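Per the numbering used here, the sequence shown starts with residue 1256, numbered consecutively. Presented below is the structure to which this report refers.
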Amino acid sequence: MNSPFHTDVLVVGGGTGGTAAAIQAARRGAKTILVSEFSWLGGMLTSAGVSVPDGNELVAFQTGMWGAFLRELQQRQPEGLDHSWVSFFSFDPRLGAQIFAQWVRDLPNLNWIVGQVPRAVLRQGDRIVGVEFAEFTVSAQITIDATELGDLLALAEIPYRWGWEWRSQWGEPSAPIAANELTTKYPVQAPTWVGLMQDFGEAIAPEIPPPPSYNPEIFAGAWKNYGAEQFLNYGRLPGNLFMLNWPICGNDYGEGLDRLVSSAAARAEFLQESLWHTQGFLHYIQSQLGRRYGLAEGVFPVYSHVGGHSPAPLHHGAAYALHPYYRESRRVVGMATVREQGILPSTGGRVAALPVDRAGISAIAIGNYANDHHYPGFDFPLQPKSIRWGGRWTGTPFTVPYGCLIPDAIDGFLVCEKNISVSHIANGATRLQPVVMNLGQAAGMAAALCISRGCQPRELPVKDLQEALLHEPHCPAAIVPLFNSSPESPDWLKWQRYYLDRPEEYPVSGYCPVEKTRGQNNSKLSHLPRNNQQLTTTNHQLPITHYSGTFHRRGIQDYTLTLSTLGELQGQDWTLVTLRSPIDEQLQTYPDNQFLKVYGRLNHAGKWLLVEEVEPTINH
């Protein structure tokens, strides 16, 4: 019997965006139901295994629920987050799943239902009023599609995009002029079924069997230009684990991608092939690097099928993620659309222009990832949006407008995953975990505000949504990207509101005016004593160690420190990087070839020293 449920807000999909949306809607007071296919919440960050997230790494952009998640990880993972070289944040996916589950359990007005996929969407004219599942039906005032592939869009027959747009449509500089071999083979970016390997040390790991139709040639040269150690350290996790999400002759899989949206049987077929492809890659790694490396033990829950989409068992075990890491989805035709021009730097600047409509700035979430596309076997050039900041490469900050979450002609409905209204090209920058998490937070806040006011999402003034996000009591979220202003800054809210009210004054540099008193140090560690060799951050978990040596300027935003510290590190050159604006400013002006003391952490995988505080010893 199909049981009926009623709620204010229904979130379908327990991924990164859906989890954030459900939590935020409930925190704002809306009665909320979250329906997930799998027993782990968090999607890309957890159940898909990509626990080395990219983007929004600078302290100024660690806001909203993304920042809260990082702080919780730092509290719970004693080993710290400095393990891989692809990300500043590497964590055990089990820990991420625990955090999200706890956040959900703490909310009595949030009902989480596990193990269900949508079967039908209920409509009354141009309004969505609920979703039918196998065992129950939920009617809701606001429904949020947070599925990995935008399944509600198809079930509800809401207009969506799938695949490429040509340059003639929007004038995007990186869009192809017409169909070609690449666009024909890959209508969307390739997903990856993540697998985890483990270093067994002197023990012999169990053999990883080859999958059906195994072909080792497709993996040859995977780490040719890196070496085995650097290759494995790409996604190193605590506990001698390695996350395998490798794009070069690795486990990206894109054969017959249209099958993902054609039928349940076709999707299951693709999923099985994708899983086998990753199994083949892990078998290849073991065969080349030896039985020291094997499948990770006891990480993911063991499933014999993939939700409601698989007519036959897939039999994947605890070393394999619960589902693929999808980089692209059906994309709703929304009231606004993020295009490539909206993520590229302004002329002569280091930030993208803020989206402005008749009501003013329409932004509700920040991203800064460099545009990144995955097409195995093809090199697809994109308009550059990378910048150097803090001694390293990062991406041009940009924002996502509220209208991207709202279907153009449907009420009672929002989206918050890779299914937002975005072009195929721009999706390469909007698809990352931090962006999607804060899009989910914005969608959940919008839904709750609509419930309390009795209005539709398209009727909600974006300024009211922005104010609610800025004042969210648990995790306020920045709206305007400012390199030198974070929620810990006393004037953070002032400058957020200033530019929201005066978009024409938003500086192309991304820097707001900051008044400093003489001798002021804006580092979060400035209060710590100087006589300790070992310091800790405010979370009292991560060790912050004193290092000294000779500072070298190799180029613009390119620094090293030749360590004078006694011991095995003496004489070694370490790249200096930082995520903090005051430190970035100090490094930019520090004299070359001078003695320098810093407090920070070493990342052996990336061979960098993450600087938390600079202690100059000369007056320069």
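For glycine and all other residues, C-beta sits at the position ideal for the given N, C-alpha and C. What you are looking at is a predicted structure, and each value in this text was computed from that prediction instead of being measured.
Tell whether a beta-carbon distance below 8 Å holds between Asp1666 and Asp1381.
-> Yes; because the gap between Cβ atoms is below 8 Å, this pair is in contact.
Name the DSSP beta bridge partners of His1801, please?
-> Its beta-bridge partners are Tyr1854.
Please specify which runs of the beta strand (DSSP E), each continuous and at least 3 residues long, are wholly inside the stretch 1811-1841, giving them in chain order.
-> Secondary structure within the stretch 1811-1841: the beta strand (DSSP E) runs of 3 or more consecutive residues, fully enclosed, are 1813-1818, 1828-1832 (chain order).
Through-space distance from Pro1467 to Gly1270, alpha-carbon basis = Pro1467 has its alpha-carbon roughly 30 Å from the corresponding atom of Gly1270.
Under 8 Å between C-beta atoms of Ser1339 and Arg1491 = Against a cut-off of 8 Å, the Cβ pair of Arg1491 and Ser1339 comes out as a contact.
In three-state terms, what does DSSP make of Ala1551?
-> The three-state reading of DSSP puts Ala1551 in coil, since its state is none of H, G, I, E or B.
Beta-carbon contacts of Ser1565 that lie in its chain and below 7 Å, excluding the five residues immediately before and after | Legend: pLDDT at Ser1565 = 43, less than 50; position of this residue unreliable, value from coordinates given subsequently. Same-chain partners within the cutoff: Ala1523, Leu1526.
Beta carbon of Gly1456, beta carbon of Arg1547: below 8 Å?
-> Yes. Within cutoff.
Pro1369 to Leu1725, Cα distance in whole Å?
-> The residue you asked about is not Pro; residue 1369 is Val in the sequence shown. Cα to Cα, the separation comes out at about 32 Å.
Short check: CB of Leu1720 to CB of Ala1697, under 8 Å?
-> Here Leu1720 is near Ala1697, since their CB atoms are less than 8 Å apart.
Alpha helix (DSSP H) runs wholly inside the stretch 1315-1390, at least 4 long, in chain order | List check, alpha helix (DSSP H) in window: 1319-1331, 1348-1360.
Bridge-paired residues (DSSP) for Ser1641 | Ser1641 pairs with Gly1650.
By how many angstroms is the C-alpha of Asp1828 removed from the C-alpha of Asn1895?
-> With the chain covering 1256 to 1875 only, the question about residue 1895 has no answer from this structure.
With distances taken Cα to Cα, identify the nearest neighbour of Ala1445 among Val1264, Leu1437, Met1452.
-> The residue with the shortest Cα to Cα distance from Ala1445 is Leu1437.
Reference Ala1723, options Ile1540, Asp1746, Pro1736, Arg1752, closest by Cα = When only C-alpha atoms are compared, the closest one is Arg1752.
Given a threshold of 16 other Cβ atoms within 10 Å of its Cβ, counted over all protein chains shown, does Thr1602 qualify as buried or as exposed?
-> It counts as exposed.
Start and end of the alpha helix (DSSP H) containing His1532?
-> Element bounds for His1532: 1519-1544.
Evaluate contact between the stretch 1360-1375 and the stretch 1272-1291, counting only Cβ atoms and requiring at least three cross-stretch pairs below 8 Å.
-> Taking 8 Å as the limit for Cβ pairs, the verdict is that the stretch 1272-1291 does touch the stretch 1360-1375.
3-residue-minimum beta strand (DSSP E) runs that sit fully inside the stretch 1433-1500, ordered along the chain | Within the stretch 1433-1500, complete beta strand (DSSP E) segments of at least 3 residues are found at 1450-1454, 1496-1499, given in chain order.
Any idea if Thr1844 is buried or exposed, counting beta-carbon neighbours within 10 angstroms, 16 or more meaning buried?
-> Thr1844 should be labelled exposed.
Residue from Gly1505, Ile1661, Val1314 with nearest C-alpha to Tyr1630 | Of the candidates Gly1505, Ile1661, Val1314, the one whose C-alpha sits nearest the C-alpha of Tyr1630 is Gly1505.
Output the boundary residues of the alpha helix (DSSP H) element that contains Ser1423.
-> Element bounds for Ser1423: 1422-1425.
Roughly how many angstroms lie between the CA atoms of Leu1300 and Thr1533, to the nearest whole one?
-> So the two alpha carbons sit approximately 18 Å from each other.
If we ignore side chains and look at the alpha-carbon of each, how far apart do Leu1660 and Gln1485 end up?
-> Note on geometry: alpha-carbon atoms of Leu1660 and Gln1485 lie some 39 Å from one another.
Report the residue from Gln1638, Ile1616, Ala1576, Ile1432 whose alpha carbon sits nearest the alpha carbon of Ala1625.
-> Among Gln1638, Ile1616, Ala1576, Ile1432, the Cα nearest to that of Ala1625 is on Gln1638.
Excluding five sequence neighbours on each side, which residues of the same chain lie with their C-beta closer than 6 Å to the C-beta of Val1735?
-> Cβ within range, chain order: Gln1751, Tyr1754.
Specify the secondary structure class of Ser1741 as computed by DSSP and reduced to three states.
-> Coil at Ser1741, not helix or strand.
Presumed contact (8 Å Cβ cut-off) between Leu1289 and Gly1272, rounded CB distance | For Leu1289 against Gly1272, the beta-carbon gap comes to about 12 Å, at or over 8 Å, which does not count as contact.
Would you kindly work out how many angstroms separate the C-alpha atoms of Tyr1415 and Ser1294, rounded to a whole number?
-> Approximately 28 Å, taken between the alpha carbons.
From the DSSP output, read off the bridge partner residues of Leu1748.
-> Checking the DSSP bridge columns, you'll see Leu1748 has no partner listed.
Where does Ile1811 land, buried or exposed, given buried means 16+ other C-beta within 10 angstroms?
-> Here Ile1811 is exposed, its C-beta having fewer than 16 other C-beta atoms within 10 Å.
Check whether Val1376 and Leu1410 have beta carbons under 8 Å apart = Taking 8 Å as the Cβ cut-off, Val1376 and Leu1410 qualify as a contacting pair.
Count the other C-beta atoms from every protein chain shown that fall within 10 angstroms of the C-beta of Pro1471, then say buried if there are 16 or more, exposed otherwise.
-> Answer is exposed; the Cβ neighbour count stays below 16.
Among Gly1822, Leu1451, Ala1733, Pro1333, nearest to Ala1576 - alpha-carbon criterion | The residue among Gly1822, Leu1451, Ala1733, Pro1333 with its C-alpha nearest the C-alpha of Ala1576 is Leu1451.
Cutoff 7 Å; reference Leu1487; Cβ partners in own chain excluding five residues on either side = Taken in chain order, the residues that qualify are Phe1497.
Buried or exposed: where does Val1557 fall if 16 or more other Cβ atoms within 10 Å of its Cβ makes it buried?
-> The residue is exposed, with fewer than 16 neighbouring Cβ atoms inside 10 Å.
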